[in-house]
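Peer 1: Taking this note's numbering, the leading residue of the sequence shown gets 25, the next gets one more, and so forth.
Glycine residues also receive a C-beta, built at the ideal position from the N, C-alpha and C atoms.
These numbers come from a predicted model, not from an experiment.
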Amino acid sequence: MIDKYTPVSAARRLATQITHINKFPTYVPNAGGLAFILNQAMPNLEYIVKLNHKNMIKSATLGRYRIKEFIQFIRNSLMIIDQHGSDKLKIKFQYKKLNQQFQQLKQTYKQENQSEISTKLLELDARRDQAIVCLRMISEGYARHPQPALAAAGEQVLECINKYGTRLYSLNYSAETTVLNNIARDLQASPDCTKAIQDMHLEDVVKEMNKANQEFEKVFIQRLEETSREETQSTRELVQITSEAYRTLTKHIEAHATLTPSVEYLLFIDHLNENIEHFNQIVERRKADAENDGPLVA
Numbered sequence: 025m026i027d028k029y030t031p032v033s034a035a036r037r038l039a040t041q042i043t044h045i046n047k048f049p050t051y052v053p054n055a056g057g058l059a060f061i062l063n064q065a066m067p068n069l070e071y072i073v074k075l076n077h078k079n080m081i082k083s084a085t086l087g088r089y090r091i092k093e094f095i096q097f098i099r100n101s102l103m104i105i106d107q108h109g110s111d112k113l114k115i116k117f118q119y120k121k122l123n124q125q126f127q128q129l130k131q132t133y134k135q136e137n138q139s140e141i142s143t144k145l146l147e148l149d150a151r152r153d154q155a156i157v158c159l160r161m162i163s164e165g166y167a168r169h170p171q172p173a174l175a176a177a178g179e180q181v182l183e184c185i186n187k188y189g190t191r192l193y194s195l196n197y198s199a200e201t202t203v204l205n206n207i208a209r210d211l212q213a214s215p216d217c218t219k220a221i222q223d224m225h226l227e228d229v230v231k232e233m234n235k236a237n238q239e240f241e242k243v244f245i246q247r248l249e250e251t252s253r254e255e256t257q258s259t260r261e262l263v264q265i266t267s268e269a270y271r272t273l274t275k276h277i278e279a280h281a282t283l284t285p286s287v288e289y290l291l292f293i294d295h296l297n298e299n300i301e302h303f304n305q306i307v308e309r310r311k312a313d314a315e316n317d318g319p320l321v322a
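Below, the structure written as C-alpha cells:
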C-alpha cells in the first residue's frame with residue numbers, strides 16, 4: 025500500500041525505477057515496457073510530493089498583523105500545541121521558549137495600554153473619530169437636500185474628505201493624524217469649503233475635529249518620549265523576538281514531520297494551518313478595504 029510508504033522507501037523505489045528507465049532501450053524491449061515502468065514509478069513520485077506538501081506549514085504574514093491580532097495568533101498557536109502535546113511533537117524546548125516570549129509580550133503590552141497617557145490617547149482618538157464621522161454624515165445628508173445650494177455645499181465638503189478615503193477612523197494613529205490635519209487645512213484654505221461649512225452650520229464640528237486631533241498629536245508625542253525612556257523592552261521589540269521564536273518552532277516541526285512522518289504531525293500541521301489562514305485572511309480583507317478607500321495622505 026502506498027499510504028504505508030515512508031519518504032525514504034518511496035524515494036528508493038522511485039530511484040530504482042528511474043534507473044530502469046535510464047537503461048532503455050537495452051533494458052526495456054519496447055515502448056510498452058517503458059510505459060509500464062513509468063506507471064509503476066508515478067505512485068511513488070506522487071506520494072513524495074503529497075507528503076512533502078502536507079508537511080509544509082503555511083507562511084503567516086506576521087509583519088502585517090496588528091498587535092492584538094499577533095497576540096491572539098500566538099495564543100492560538102500555543103493552544104493548538106497544547107492540544108496535540110509538545111512532547112509528542114518533539115518540540116518541548118521550542119514551545120517553552122515561545123511561551124516565555126509570549127507571556128513577556130502580553131504583560132508589556134498590557135502595561136503600556138494601562139498608562140494614563142494611553143488612556144488619554146484613547147479618549148482623544150474617540151473624540152476625533154466622532155467628529156469626522158459627524159462631519160461626513162451631515163454632509164452626506166445635505167448632499168441630498170432639495171435646495172441646490174445646500175446640496176452643493178454637502179458635495180463640496182464630501183469631496184474634500186473622500187480624497188483621503190472613506191473610513192478614516194480605521195486608520196492607524198499616525199495616518200489618521202496626518203489625514204485630519206490635511207482635511208482641516210483644506211477646509212480652511214478653500215473659500216468654497218469654508219462657505220459650505222458655514223452654510224451647513226458645521227463650524228463647531230470642524231473646530232472639535234481639529235482641536236481633538238491636535239491634542240492627540242501632542243499626547244502621542246509624549247507617549248513616544250515616555251516609551252523611549254523606559255529601560256524595558258518595547259512591545260515592538262518583543263513582537264520581533266516572539267516572531268523569531270515562532271519561526272524556529274515551525275522549522276523544527278517541519279523537520280520532524282519530514283524525517284519521522286506520522287498521522288499526528290499531519291493532523292497538527294493541518295490544525296496550525298487553519299489558524300494561519302484565518303489571520304492571513306483578516307490581513308487580506310483589511311488590505312482590500314484600504315485599496316477601496318483610496319489614498320491615505322495627500
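By a C-beta neighbour count over all protein chains shown, 10 Å radius and 16 as the cutoff for buried, is residue 47 buried or exposed?
Peer 2: Residue confidence for residue 47 is low, a pLDDT of 49 falling below 50, so the modelled location carries little weight; the figure read from the coordinates is stated next. It is exposed - the Cβ of residue 47 has fewer than 16 other Cβ atoms within 10 Å.
Peer 1: Helix, strand or coil for residue 109 per DSSP?
Peer 2: Coil, per DSSP.
Peer 1: Less than 8 Å between the C-beta atoms of residue 232 and residue 155, yes or no?
Peer 2: Closer than 8 Å, so yes.
Peer 1: Hey, is residue 174's beta-carbon within less than 8 Å of any beta-carbon in chain C?
Peer 2: The structure shown contains no chain C; it holds only a single protein chain.
Peer 1: Do you know how far the Cα of residue 122 is from the Cα of residue 113?
Peer 2: Those two C-alpha atoms are separated by around 15 Å.
Peer 1: Where does residue 148 fall in DSSP's three states?
Peer 2: Three-state DSSP puts residue 148 in a helix.
Peer 1: Rounded to the nearest angstrom, how far is the Cβ of residue 139 from that of residue 224, given a contact under 8 Å?
Peer 2: The pair is not a contact, with the Cβ atoms about 39 Å apart (cut-off 8 Å).
Peer 1: Output the distance between the C-alpha atoms of residue 102 and residue 285, rounded to the nearest integer angstrom.
Peer 2: So the two alpha carbons sit approximately 21 Å from each other.
Peer 1: Do the region 86-104 and the region 267-277 touch if we need at least three Cβ pairs shorter than 8 Å?
Peer 2: Short answer: they touch.
Peer 1: Would you mind giving the Cβ-Cβ distance between residue 97 and residue 303, rounded to the nearest angstrom? I have them listed as a contact below 8 Å.
Peer 2: Correct: roughly 5 Å between the Cβ atoms.
Peer 1: By how many angstroms is the C-alpha of residue 173 removed from the C-alpha of residue 90?
Peer 2: Going by the C-alpha atoms only, they are around 44 Å apart.
Peer 1: Just mark residue 326 as buried or exposed, buried being the case when its beta carbon has 16 or more other beta carbons within 10 Å.
Peer 2: Within the shown structure, residues of the chain are numbered from 25 to 322, placing residue 326 beyond reach of any answer.
Peer 1: By DSSP, does residue 237 sit in helix, in strand, or in coil?
Peer 2: Residue 237 falls in the helix class under three-state DSSP.
Peer 1: Given a threshold of 16 other Cβ atoms within 10 Å of its Cβ, counted over all protein chains shown, does residue 234 qualify as buried or as exposed?
Peer 2: Residue 234 comes out buried.
Peer 1: Rounded to the nearest angstrom, what separates residue 297 and residue 165 at their Cα positions?
Peer 2: Cα to Cα, the separation comes out at about 46 Å.
Peer 1: In three-state DSSP terms, what is residue 189?
Peer 2: Residue 189: coil per DSSP, three-state reduction.
Peer 1: Nearest to residue 277 by CA position, among 116, 220, 93 and 92, is which residue?
Peer 2: The shortest Cα separation from residue 277 among 116, 220, 93 and 92 belongs to 116.
Peer 1: Any idea if residue 152 is buried or exposed, counting beta-carbon neighbours within 10 angstroms, 16 or more meaning buried?
Peer 2: The residue in question, residue 152, is buried, as its Cβ has 16 or more Cβ neighbours within 10 Å.
Peer 1: Please report the straight-line C-alpha distance between residue 129 and residue 260, rounded to a whole angstrom.
Peer 2: So the two alpha carbons sit approximately 9 Å from each other.
Peer 1: Going by Cα to Cα distance, which pick from 294, 179, 288 and 226 is closest to residue 109?
Peer 2: Closest by alpha carbon: 288.
Peer 1: Quick one: grab the DSSP three-state call for residue 90.
Peer 2: It is coil, neither helix nor strand.
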